[in-house]
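Here's the structure, in structure tokens; my notes come after.
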Amino acid sequence: MAGIDLSLKEMMAIDGALGAAVVDYSSGMALGTLGGSKELDLAVASAGNTEVVRGKMRTIEQLNLKEGIDDILITLTRQYHIIMPLTGRKGGGLFLYLALDRERANLALARHRLKAVEEAIAV
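For the sequence shown, my numbering begins at 983 and goes up steadily by one.
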């Protein structure tokens, strides 16, 4: 089991990582962040992506789907943004957020490594 700080370091070790956060989507607050820049304010990204997660969960409920979200991918011109809700008992309304540089990242490998972080995190 890994704590938030170690999980953030593992996320930032993924090729192309620009910024990482563990976010509580009930409040929109980041429990921890690492990386980021003037162009990538992780506090703003955490709050904004909370709305994405809430909206998708609401839609799943309205459609009466018996599904969970594995991850949400947002593709920008120069970046990938991956949102991965934590599952199981440890999830408790949290999600992982990872921003990647499209030129340096391998999306399939990043998603695979992020899933490993999600499975190991203990909050």
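Backbone N, C-alpha and C fix where the C-beta goes; we use that ideal spot for every residue, glycine too.
Check	Outcome
Element boundaries [alpha helix (DSSP H), containing D987]	986-994
Segment limits, alpha helix (DSSP H) that includes V1099	1089-1102
Where the alpha helix (DSSP H) containing V1035 begins and where it ends	1024-1044
Beta strand (DSSP E) segment containing R1047, residue limits	Per the sequence shown, residue 1047 should be read as Leu rather than Arg. First-last for L1047: undefined, no H or E at that position.
Integer-rounded CB distance, given that L1000 should sit under 8 Å from G985	Wrong, their Cβ atoms sit about 22 Å apart, outside the cutoff.
Straight-line gap, L1013 to V1035 (C-alpha atoms, nearest Å)	16 Å
Option nearest T1057 by Cα separation, candidates T1069, D1083, P1067	D1083
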